[in-house]
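J.: Got a structure for you, questions after.
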DNA sequence: GTCGACGAAATTGATAACAAAATTGCTTGC
DNA sequence: GCAAGCAATTTTGTTATCAATTTCGTCGAC
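Here it is as structure tokens:
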């Protein structure tokens with residue numbers, strides 16, 4: 021009951037926000053695409069007012085930009101900004117992993133280990149998309165284990181801005197193998213309940229992540 | 021021109037959000053106070069729709085809570101949550117101070133030194149409210165110097181949630197003196213352009229801040 | 001006197017209509 | 001053929017209205 025909250029039908033406003041956020045994150049709405057209120061309202065089956073507030077919320081989240089009298093567009097995250105986001109994410113992930121190490125229960129540890137197992141299996145069968153997805157779940161799981169709501173919320177909004185870069189790093193040569201080892205080290209440290217070691221392991225992992233993103237950006241620029 | 025943006029009259033929606041945010045932060049609206057849409061609309065001189073979207077934005081910022089069919093209230097930040105917020109803030113401040121040390125220009129350094137001077141003068145004349153205000157400016161200045169927009173934005177929303185605790189720690193015995201020394205150390209490290217040293221200095225400072233907040237919370241609980 | 005049911009008032013949620021601004025396309029003049 | 005200006009369309013911004021829900025007060029039963 022602590023977190024459940026007997027499901028009183030959510031207002032459509034919330035639905036509209038989630039619909040749009042998901043649409044942007046999943047790529048249904050492309051960067052710079054105009055988001056016309058009435059179109060989206062019809063798409064969701066709600067009214068303009070709700071779409072309007074949803075767009076205002078998403079603007080604050082950094083997913084859309086609006087100009088007065090000119091409506092909203094999907095915001096394009098620049099390369100420089102992507103780096104900033106990873107840096108901010110890193111700062112918070114370090115915090116989170118410390119708490120995860122301190123607060124993990126036996127069940128938490130088991131679930132974390134299971135996720136590592138799944139990552140390994142995805143890696144072994146060379147299914148890098150599945151690896152990337154499970155990777156995301158691993159980090160999410162860490163956030164949950166940390167029981168640090170504030171950090172979790174901030175990381176959530178940061179992550180949704182990163183989709184454009186998220187999964188591509190994993191295709192870099194050798195990255196997946198390194199990533200797997202890094203995650204294992206994090207898992208071991210959390211299992212040992214050692215915050216300092218967990219932070220060190222996470223720090224090593226994040227260095228790898230940043231390098232990966234930088235390479236993705238560099239190669240994308242080379243393409244053009 | 022990079023950041024200026026020829027001031028096209030802001031939509032009332034934005035005004036409403038700022039008005040409410042400021043009202044909550046400055047204490048015009050108290051924790052748990054109901055925020056009735058039409059009242060606020062009349063107060064600002066706008067319509068309900070704008071207030072509605074403003075409230076939705078502020079909910080995402082964590083400043084208000086809304087229940088379906090029951091409107092919005094000013095959110096009361098619990099003690100436990102206050103600690104979380106300081107922790108998250110800390111993680112980001114450490115990031116920021118590193119970048120500040122790396123990116124500070126001579127002018128930046130001068131402005132930082134001037135702020136330290138003002139803090140010292142406020143301390144000497146025992147004007148702790150002014151000290152606290154300048155303290156806030158110092159941290160804001162660091163964020164600006166860091167030129168790390170992402171971290172800056174996140175810190176902005178975290179700070180607005182902390183007002184209830186912000187200034188009270190400074191009245192603890194000895195805290196002001198320690199705080200001043202800590203800030204000077206940070207300033208010196210930034211002036212030296214040494215990110216590691218700056219981070220260490222900031223870390224020491226933040227430990228002091230967290231202890232201060234914890235004491236404020238403890239003594240507030242003792243009061244009741 | 002207390003508790004619950006009922007009803008009125010207040011407030012939120014949803015929809016429609018209107019006004020203002022921007023965009024588009026067309027016409028006209030050169 | 002091209003550009004400037006004008007008109008039509010599209011889209012946003014604002015306001016009004018109505019329905020649904022909650023809240024509050026009153027009345028009555030026990």
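Chains as they are written, first to last, in the numbering used here: chain C, 21 to 244; chain P, 21 to 244.
Where is the CB? At the ideal position from N, CA and C, for every residue including glycine.
A quick note: this is a predicted structure, and the numbers were derived from the prediction, not measured.
Output yes or no for whether 9 Å exceeds the beta carbon distance between residue 233 (chain P) and residue 106 (chain P).
T.: Going by C-beta atoms, residue 233 (chain P) is nearer than 9 Å to residue 106 (chain P).
J.: Starting from residue 168 (chain C), find everything on chain P with Cβ-Cβ shorter than 9 Å and list it in chain order.
T.: Within chain P, the residues near residue 168 (chain C) are 104, 107, 108.
J.: Can you pull the chain P residues whose beta carbon is under 7 Å from the beta carbon of residue 92 (chain C), in chain order?
T.: Under the 7 Å cutoff, chain P gives no residues; its nearest Cβ is about 12 Å from residue 92 (chain C).
J.: Counting only the same chain and skipping the five closest in sequence on each side, list residues whose C-beta sits under 6 Å from that of residue 35 (chain P).
T.: Excluding positions up to five away in sequence, the list is empty.
J.: In chain C, which residues lie with their C-beta within 9 Å of the C-beta of residue 69 (chain P)?
T.: Chain C residues near residue 69 (chain P): 69, 72, 73.
J.: What is the rounded straight-line gap between the Cα of residue 151 (chain P) and the Cα of residue 96 (chain C)?
T.: Those two C-alpha atoms are separated by around 41 Å.
J.: Could you pull out every residue in the same chain whose Cβ sits closer than 6 Å to the Cβ of residue 211 (chain P), ignoring the five residues on either side in sequence?
T.: Cβ neighbours of residue 211 (chain P) beyond the five flanking positions: 129.
J.: Residue 241 (chain P) versus chain C: which residues are under 7 Å apart at the beta carbon?
T.: Residues of chain C passing the Cβ test: none, with the nearest at roughly 21 Å.
J.: Tell me, please, whether the CB atom of residue 82 (chain P) is closer than 9 Å to any CB atom in chain C?
T.: Judged by the 9 Å Cβ criterion, residue 82 (chain P) is in contact with chain C.
J.: What runs of the alpha helix (DSSP H), each 4 residues or longer, lie entirely inside the stretch 131-178 of chain C?
T.: Counting only runs of 4 or more, we get 148-166.
J.: Between residue 237 (chain P) and residue 99 (chain P), how many whole angstroms is the CB-CB distance? I'm expecting something under 8 Å.
T.: Contact holds; Cβ gap of about 5 Å.
J.: In or out: residue 87 (chain C) buried (at least 16 other Cβ within 10 Å) or exposed?
T.: Answer is exposed; the Cβ neighbour count stays below 16.
J.: Does the stretch 113-127 of chain P come into contact with the stretch 157-170 of chain P, if we say contact requires no fewer than three beta-carbon pairs (one atom in each stretch) closer than 8 Å?
T.: Yes, they touch.
J.: Please confirm whether residue 112 (chain C) has its beta-carbon closer than 9 Å to some beta-carbon of chain P.
T.: For residue 112 (chain C), the answer is yes, since a Cβ of chain P falls inside 9 Å of its Cβ.
J.: According to DSSP, residue 84 (chain P) sits in a beta bridge with which residue or residues?
T.: Answer is P:94.
J.: Identify the contact partners of residue 101 (chain C) in chain P, using a Cβ-Cβ distance below 8 Å as the criterion.
T.: Residues of chain P passing the Cβ test: 169, 170.
J.: For residue 222 (chain P), I'd like the list of residues in its chain whose CB is within less than 7 Å of its CB, leaving aside the five on either flank, ordered along the chain.
T.: Closer than 7 Å at the Cβ level, and outside the excluded window around residue 222 (chain P), lie 113, 114, 117, 206.
J.: What residues from chain C crowd round residue 76 (chain P), counting only those whose CB sits closer than 7 Å?
T.: Simply 33, 73, 76, 77.
J.: The alpha helix (DSSP H) that contains residue 232 (chain P), what's its start and end?
T.: Segment 215-243, the alpha helix (DSSP H) holding residue 232 (chain P).
J.: Does the CB of residue 55 (chain C) have a neighbour CB from chain P at under 9 Å?
T.: Chain P contact via Cβ: absent.
J.: Would you check if the distance between the CB atom of residue 67 (chain P) and the CB atom of residue 76 (chain P) is smaller than 9 Å?
T.: No, Cβ-Cβ distance for residue 67 (chain P) and residue 76 (chain P) is not below 9 Å.
J.: Mind listing which residues of the stretch 172-203 of chain C have their C-beta closer than 7 Å to chain P's C-betas, in chain order?
T.: Those would be 174, in chain order.
J.: Nearest to residue 240 (chain C) by CA position, among C:192, C:140, C:228, C:208, is which residue?
T.: Selected option, being the one with the closest Cα: C:192.
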